[in-house]
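I have placed the structure first, in the form of structure tokens, so that the comments after it can refer back to it.
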Amino acid sequence: MNPDRYTYFYFIGVGGIGMSALARYFKTLGKEVAGYDRTCTLLTKKLESEGIPVTYHEDIQEVPPAFLTDPSKTLVIFTPAVPGNHKALQWFREHSFQVIKRSDLLGAVFNQSMGVAIAGTHGKTTVSTLTAWLLHNGGKRISAFMGGISRNFQSNLVLTPESEFVVAEADEFDRSFLKLFPSVAVITSMDPDHLDIYETHEAVRNAFFEFAENIKPGGILVLREGLPMRETVAKERKVYRYGFDPGSDFAALSCRKTESGHMFDLKTPEGIIEGFEIRLPGKANLENAVAALAACFACGTSVDKLHRTLAKFEGVQRRFDIRIDTPGLAYVDDYGHHPEEIKAFISAMRDRFPGRHLTGIFQPHLYTRTRDFADGFAESLSGLDRLILLDIYPARELPIPGVDSGMIFKKVMLNDKYLSTKEELPALLETLNLDVVATMGAGDIDTLVEPLTDMLTKRIAP
-6 MNPDRYTYFY FIGVGGIGMS ALARYFKTLG KEVAGYDRTC TLLTKKLESE GIPVTYHEDI
54 QEVPPAFLTD PSKTLVIFTP AVPGNHKALQ WFREHSFQVI KRSDLLGAVF NQSMGVAIAG
114 THGKTTVSTL TAWLLHNGGK RISAFMGGIS RNFQSNLVLT PESEFVVAEA DEFDRSFLKL
174 FPSVAVITSM DPDHLDIYET HEAVRNAFFE FAENIKPGGI LVLREGLPMR ETVAKERKVY
234 RYGFDPGSDF AALSCRKTES GHMFDLKTPE GIIEGFEIRL PGKANLENAV AALAACFACG
294 TSVDKLHRTL AKFEGVQRRF DIRIDTPGLA YVDDYGHHPE EIKAFISAMR DRFPGRHLTG
354 IFQPHLYTRT RDFADGFAES LSGLDRLILL DIYPARELPI PGVDSGMIFK KVMLNDKYLS
414 TKEELPALLE TLNLDVVATM GAGDIDTLVE PLTDMLTKRI AP
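Take -6 as the starting number for the sequence shown in this note's numbering and just add one per residue.
Here's what the structure looks like:
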């Protein structure tokens, strides 16, 4: 499938982070781009300001007429999060338009170049964004499709003419990452997730093994220490291990906490490089930095010249996103929606705000994930001082009988805990003494971030 032959690109689910990056890419190339999303968000408003029309109604009458006239000129892209009975999606299929998944389009773009794919059930957004930032400032011409809004680039897309490398977040959901054939790949984790798709942890691992086997012969896999891998992968590819073990190919050594993150020395296959700094809290972000530096090494970048660039990395929106930081009140927002992500986030919060009282507001994402990981969520959330648990955000799913936030709530080992709706939350917060507040989740909890920031800012105003 060659996207170059199309004039019009219509994205169904354009507000998704991966979809919006592709929409921006083709708009920048001079194509006509429009899309649909269910909800108006800051991101869809930004797309509209960039000249990409967005409708919030699924009727075909909402699609710009020029996109409907010639099936040979319009490419329709959808995300699996969109239900199959979506009206416009059905119309395009019934009228012989080319309709493809987001992963097919990303693969068509990515596979034309030297690709750097960052995969893993956790950490891939930070690692892909950091890898793009380091390569960009390390003398490489890169384009990048990132799974979050980079604070340094102020976008989820980097586009450079005649790029040497294309960096992409490789999403395991719906086995999307199997459409990518990279020259360099990173795998950060293989924890069970998306069991509505995979059913078993073994199936999740097998998908990551298949992804690794997609690496081109002569390519490089950067693999977190302790993760399994098929022996066949190493027969035609170089495999580097990374982490904290001095025996790994890349390792963070002599780690020291700082006020904002960590200082560390980096072991590489060519020796130890001293004096790196990552200004993001938490052990997970330190490990992410090692993964990104290893990926840059695999791309031929002089890692010993990246000290200043790494220290200037500002992170990703909704990844430990500090909104308020005062001695009397702090507020941090995070995308974490899996038990392991929440555990790592709370650990990072304890590092960043030692000795302070932590109130966490969590919105579970998907009925299936709540059902499959209720025990894990309860254990992770018990690391808070106070929990406010919101209703489940269903996304693409229909309700499952007996599955609700109460499944998690009753297992959380805290006395100070509340069940709340989004609508009730502001009034509840007004009744509580607050020190450090965190919002967590991948659903529409992001729509609360600005109102909560305003509300809490007024609370500390003189």
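Backbone N, C-alpha and C define an ideal beta-carbon position, used for all residues, glycine too. None of these values were measured; they are calculated from a predicted model.
Going by beta carbons, L173 and G100 fall inside the 9 Å limit. In the pairwise beta carbon analysis, the stretch 304 to 317 is classified as touching the stretch 266 to 279: at least three pairs are separated by under 8 Å. A straight line joining the alpha-carbon of R301 with that of D63 spans about 51 Å. Between N149 and F138, the C-beta gap is smaller than 9 Å, which places the two residues in contact. By the criterion of at least three beta-carbon pairs nearer than 8 Å, the stretch 192 to 201 is not in contact with the stretch 103 to 111. DSSP places Y328 in the coil class of the three-state scheme, outside both helix and strand. Taking the Cα of G9 as reference, the smallest distance to any Cα among R(-2), K20, F202 and Y29 is reached at Y29. About 11 Å separates the beta carbons of L427 and I381, which is beyond the 8 Å limit, so they are not a contact pair. In this chain, F237 is not harboured by any alpha helix (DSSP H), its DSSP state being neither H nor E. For F313, no beta strand (DSSP E) encloses it, and the DSSP letter there is neither H nor E. Using a Cβ distance threshold of 9 Å, R198 and M183 count as a contacting pair. A Cβ-Cβ separation of about 4 Å places T361 in contact with D189 under the 8 Å criterion. For the pair K451 and L445, the Cα-to-Cα distance works out to about 10 Å. In this structure, M222 sits away from A244, with a CB-CB distance that is not shorter than 9 Å. Of the residues S143, F4, A125 and P239, the one whose Cα lies closest to the Cα of L82 is F4.
G353 and V325 have their C-alpha atoms spaced approximately 10 Å apart. As summarised for the stretch 106 to 143, the continuous beta strand (DSSP E) elements at least 3 residues long and confined to that stretch are 107 to 112 and 135 to 143, given in chain order. Assignment of L421 by DSSP, reduced to helix, strand and coil, places it in the helix class. Of all alpha-carbon atoms in T67, T72 and L98, the one lying nearest the alpha-carbon of S89 is that of T67. Look at the stretch 264 to 302 and you find these whole runs of alpha helix (DSSP H), each 4 residues long or longer: 276 to 291. The stretch 369 to 378 and the stretch 397 to 407 touch, with three or more beta-carbon pairs separated by less than 8 Å. In its chain, beyond the 5 residues on either side, I135, A137, M139, S143, F146, V151 and V160 have a beta carbon closer than 8 Å to the beta carbon of A125.
Counting only runs that start and end inside the stretch 181 to 254, the beta strand (DSSP E) elements of at least 3 residues fall at 213 to 217, 231 to 236 and 243 to 250.
The beta carbons of G44 and K20 sit closer together than 9 Å. Our two residues, T114 and P185, have alpha carbons roughly 8 Å apart in a direct line. Listed in chain order, the non-local C-beta contacts of L425 below 8 Å within the same chain comprise T352 and R379, local neighbours out to five positions each way being set aside.
For N78, the number of other beta carbons within 10 angstroms of its own is below 16, and it is reported as exposed. Residue burial annotation: R217 is buried, with at least 16 other C-beta atoms found within 10 angstroms of its C-beta. Membership of A163 in the beta strand (DSSP E) is indicated by the continuous run F158 to A163. Using a Cβ distance threshold of 9 Å, L359 and P394 do not count as a contacting pair. Of the candidates A178, G240 and E155, the residue whose Cα lies closest to the Cα of E162 is A178.
Taken through DSSP and simplified to helix, strand or coil, A323 comes out as strand. Looking only at L441, A288 and L418, the smallest Cα-Cα distance to K117 is reached by A288. By alpha-carbon distance to D238, the top candidate from R31, R230, V232 and S247 is S247. When DSSP reads this structure, Y386 sits in a beta bridge with H358. Nearest Cα to A367 within the set R343, G348, A341 and D397: D397.
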